[in-house]
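Data first, discussion second: the structure below is written as structure tokens.
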Amino acid sequence: MSLQINNLHATLENGTEILKGVNLEIPAGEIHAIMGPNGSGKSTLSKVIAGHESYVPTAGHVLLDGIDISEMSIDERSRAGIFLAFQYPNEVPGVSNANFIRAALQARLPKGEEIDAVAYYKSLYEKMDLLEMDRKFTGRAVNEGFSGGEKKRNEILQMMMLSPKYCILDETDSGLDIDALKIVAKGVNAMRSPERGMLLITHYQRLLDYIKPDHVHVMAEGRIVKSGGPELALELEEKGYDFLKEPALA
Amino acid sequence: MSYQETATAILDEETHDAINIDRTKGDFTFPERNKFDAGWGLSSKTVDYICDVKKDPDWVREFRHKALAVFESKPMPTNWATEDLNNIHFDKIRYYLSDGEKPKRTWDEVPAEILETFERLGIPEQERAFLAGVEAQYDSEAAYSNMKEELTKQGVIFVTSAEGLKEHEEIFRPWFGKVIPTGDNKFSALNSAVFSGGSFIYIPKGVKLKQPLQAYFRINSESFGQFERTLIIADEGSEVMYMEGCTAPKFETATLHSAVVELVALKGAKIQYVTVQNWSSNVFNLVTKRGLAMEDAEVRWIDCNIGSRLTMKYPGVIMKGERARGEVISIALANTGQHQDTGAKMIHAANNTTSNVVSKSISVGKGRSTYRGQVHIPKHLKGCKNNTECDALLINSNSRTDTYPAITVKGNRHATQHEASVSQVSEEMLFYMQQRGLNEGQAMSLAVNGFINDLVREFPMEYSVELKRLIDLEMEGSVG
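Those protein sequences? They're chains A and B, same order as listed.
When we follow my numbering, the leftmost residue of the first sequence carries the number 24, and every step to the right adds one.
When we follow my numbering, the leftmost residue of the second sequence carries the number 301, and every step to the right adds one.
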């Protein structure tokens with residue numbers, strides 16, 4: 024059981040190649056982190072896995088527990104178990120958080136089955152309590168007028184509610200103060216499970232103090248250029264990305 | 301759970317249902333069973349035929365003939381409105397169709413096919429659930445008209461316009477054609493010449509209806525024109541909510557619906573007029589609606605326009621008494637092949653009058669929405685206020701929206717504000733929603749429902765549920 028990325032290439036619509044052969048396997052039960060400088064293709068990788076239509080996959084495959092999801096639509100991938108916590112979560116004006124999450128859960132049920140409202144709110148409130156979110160969040164429109172920290176917490180709430188097989192967190196730590204970061208980490212750690220794989224995309228070692236990864240990868244110029252254990256993140260923090268430049272060019 | 305929460309909680313089930321639902325709920329027709337058919341085209345003979353069948357009094361016959369002359373003398377308003385109006389062929393329309401039956405007081409007496417029609421549209425069920433009275437019109441005449449007995453005892457009148465002008469002439473005649481004169485526009489003149497059906501309502505002084513009255517307008521026959529005429533008079537201190545729904549099957553040829561609705565709210569009275577129209581895509585829907593609000597009275601138009609080929613409708617309020625209030629809340633959804641040309645007219649004619657216009661339009665595919673507003677505050681008045689907001693949502697780059705606000709404010713003792721916005725459901729917003737597992741249609745529906753959410757709350761709950769269902773259907777049908 025794993026999320027497997029084989030030789031993934033992707034270009035922008037104008038032909039510029041962003042991913043230049045990414046190889047990565049995230050087995051269920053493990054947390055992997057990808058670090059790398061701006062423009063290295065980290066966020067693009069997360070969007071291509073999720074099926075964003077602004078990128079054209081030109082080679083390679085993404086396998087979810089052995090099944091190729093490359094031809095699936097965005098929503099099919101989501102229902103198959105891919106969750107992306109956005110770096111910049113979008114607003115959905117006029118749609119309450121509670122209704123949004125409920126609609127997403129409803130979309131996973133077979134025809135004719137309905138979400139049980141009582142059980143739904145019970146589960147929602149439990150998770151909100153863990154994330155220290157005020158009950159008022161259920162009635163507020165999705166991300167509308169939310170602070171940066173509130174948006175990120177809301178992403179984790181959605182992730183917890185949808186209970187995906189593989190979670191990709193795109194710079195979830197950016198823009199968070201230390202208290203908010205701890206709360207978000209608490210949520211992510213609560214999601215750790217032998218059945219679930221996670222990929223953390225981040226610039227900074229700081230996040231990894233709170234969410235311990237099993238493996239750390241460094242991405243540069245559209246490829247994974249170095250992989251190692253948690254110590255790699257510390258090394259990067261110390262030396263900066265410059266020390267990678269030579270192997271990347273070689 | 302509050303009433304609003306209940307309404308929104310239902311959304312998701314509705315969204316879900318919408319995927320499987322029979323899209324053709326209103327798209328069925330029965331063989332015509334008309335005993336009376338005015339035939340094709342419009343002339344003074346047509347008018348006489350209608351008068352004869354309806355046994356109109358002489359003053360009505362005279363009124364109709366004068367109106368026909370006005371209609372013939374007026375040009376199509378293509379100078380400011382769409383050229384598509386030229387595609388209405390007045391000689392290829394039938395102006396009066398009925399089976400000659402009087403409206404029934406119980407559903408049991410209604411002919412089987414007509415009963416089935418209204419049952420499929422859910423009318424008898426709604427009546428039992430939450431309505432104080434119902435009139436159900438089938439082509440030119442009402443098939444059913446009934447009201448709760450206790451309202452009759454209180455002196456409430458709820459009958460067809462034909463009954464109103466004959467049985468209640470003393471109340472009907474002084475107001476008929478006064479809020480909207482025959483010559484107001486070409487289509488009000490057309491309606492005045494050939495009107496049939498619609499409601500006459502009188503609410504006596506101080507009577508406040510707790511439940512709404514409802515009319516349902518159904519077109520069953522092809523190449524037909526429906527011209528109902530409604531007059532509602534709310535006497536001093538009374539309150540009423542009137543709701544209307546409309547459907548027609550899809551025919552090969554164009555169908556015309558051209559109603560005139562006049563509201564009169566006397567001192568301190570309150571009228572709310574709610575419309576949810578879901579015309580099929582070949583209906584020309586050209587409707588004139590206006591209310592008169594006297595001292596401390598309030599007229600609210602709550603209007604939702606879905607479907608039709610072309611809708612032209614600008615509900616208005618003339619605030620004639622001090623402190624009168626007028627409001628138009630409107631939602632329009634234009635899909636490919638549709639043009640929703642809607643708006644509001646607010647005429648301030650007394651001091652300290654207040655008007656509010658909130659309009660939201662959604663253009664999908666090649667659909668087109670136009671907002672036309674008119675706010676008039678003359679110089680000699682003081683203390684008048686107007687607020688106008690129009691927001692447009694575009695879904696895909698082929699759609700089009702135009703806003704033509706005309707705010708004439710003279711004098712400096714008034715307060716007006718106008719806000720307009722145009723937004724789009726962006727690709728990134730859709731990606732976000734789809735990443736959570738909603739398919740494109742579900743994501744669009746949710747975005748659209750979110751856009752109009754604050755206005756949907758203004759509709760009675762039973763209608764807001766229906767409205768969301770209709771929007772989901774439109775959105776499901778408009779993508780991939």
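A virtual CB, placed ideally from N, CA and C, is assigned to each residue, including glycine.
Since this is a predicted model, take the numbers as computed values, not measurements.
- Put simply, of B:421, B:493, B:642 and B:523 the residue whose alpha carbon is nearest the alpha carbon of residue 345 of chain B is B:493.
- The Cβ of residue 117 of chain A sits closer than 8 Å to at least one Cβ of chain B.
- For residue 113 of chain A, at least one C-beta of chain B is nearer than 8 Å to its own C-beta.
- Across the structure, residue 615 of chain B and residue 708 of chain B are spaced so that their CA atoms are roughly 17 Å apart.
- Around the beta carbon of residue 194 of chain A, 16 or more other beta carbons sit within 10 angstroms, so the residue counts as buried.
- Beyond the five residues adjoining it in sequence on each side, residue 252 of chain A comes within less than 8 Å, by CB distance, of 237, 238 and 239 in the same chain, given in chain order.
- Setting aside the 5 residues that flank it on each side, residue 390 of chain B is surrounded in the same chain by 342, each with a C-beta closer than 6 Å to its C-beta; the list follows chain order.
- A distance below 6 Å between beta-carbons, with the five flanking residues on each side excluded, links residue 223 of chain A to the following residues of its chain, in chain order: 56 and 192.
- Chain-order list of chain B residues neighbouring residue 160 of chain A: empty, with the shortest C-beta distance near 15 Å, by a criterion of under 9 Å.
- Going by DSSP, residue 430 of chain B is part of the alpha helix (DSSP H) stretching over 423 to 430.
- Nearest CB-CB separation between residue 97 of chain A and chain B: below the 8 Å threshold.
- Runs of the beta strand (DSSP E) spanning 3 or more residues and lying entirely within the segment 583 to 644 of chain B occur at 583 to 593, 598 to 607, 610 to 613, 616 to 619 and 625 to 634, in chain order.
- Per the coordinates, the alpha-carbon of residue 549 of chain B lies some 11 Å from the alpha-carbon of residue 417 of chain B.
- When A:42, A:75, A:66 and A:110 are compared, the shortest CA-CA separation from residue 82 of chain A is found for A:42.
- Taking 7 Å as the upper bound on Cβ-Cβ separation, chain B lies near no residue of the segment 28 to 57 of chain A.
- Against chain B, a Cβ distance below 8 Å from residue 107 of chain A picks out 735.
- Membership of residue 485 of chain B in any alpha helix (DSSP H) is not indicated, and neither H nor E is assigned to it by DSSP.
- Shown here for residue 641 of chain B: same chain residues with a beta carbon closer than 6 Å to its own, the five before and five after excluded, namely 612 and 670 in chain order.
- Residues of chain A with a Cβ closer than 8 Å to the Cβ of residue 728 of chain B are, in chain order, 113.
- Here residue 596 of chain B has 567, 568, 621, 622, 623 and 624 as same chain residues with Cβ atoms under 8 Å from its own Cβ, once five neighbours each way along the sequence are excluded.
- Take the alpha-carbon of residue 156 of chain A and the one of residue 525 of chain B: they are about 57 Å apart.
- In its chain, beyond the 5 residues on either side, 164 have a beta carbon closer than 7 Å to the beta carbon of residue 117 of chain A.
- For residue 476 of chain B, there is no enclosing alpha helix (DSSP H), as DSSP marks it with neither H nor E.
- Exposed is the label assigned to residue 722 of chain B, since fewer than 16 other Cβ atoms lie within 10 Å of its Cβ.
- DSSP places residue 656 of chain B inside the beta strand (DSSP E), whose first and last residues are 654 to 664.
- Contact of residue 181 of chain A with chain B by beta-carbon distance below 9 Å involves 736.
- For residue 724 of chain B, no alpha helix (DSSP H) encloses it; the enclosing beta strand (DSSP E) starts and ends at 715 to 724.
- In the three-state reduction of the DSSP assignment, residue 70 of chain A falls in the helix class.
- The bridge partners DSSP lists for residue 394 of chain B are B:340 and B:524.
- Taking the C-beta atoms as reference points, residue 48 of chain A is found no nearer than 8 Å to residue 77 of chain A.
- Going by DSSP, residue 673 of chain B is part of the beta strand (DSSP E) stretching over 668 to 677.
- Between residue 265 of chain A and residue 230 of chain A, the gap from beta carbon to beta carbon reaches 8 Å or more.
- Ranked by how close their Cα comes to the Cα of residue 703 of chain B, the residues B:337, B:334, B:364 and B:381 have B:381 in first place.
- Here residue 600 of chain B is buried: its Cβ has 16 or more other Cβ atoms, across all protein chains shown, within 10 Å.
- Look at the beta carbons and you see the segment 559 to 579 of chain B touching the segment 468 to 487 of chain B: at least three pairs across the two are nearer than 8 Å.
- Residue nearest to residue 34 of chain A within the set A:26, A:67, A:46 and A:60 is A:67 (criterion: CA-CA distance).
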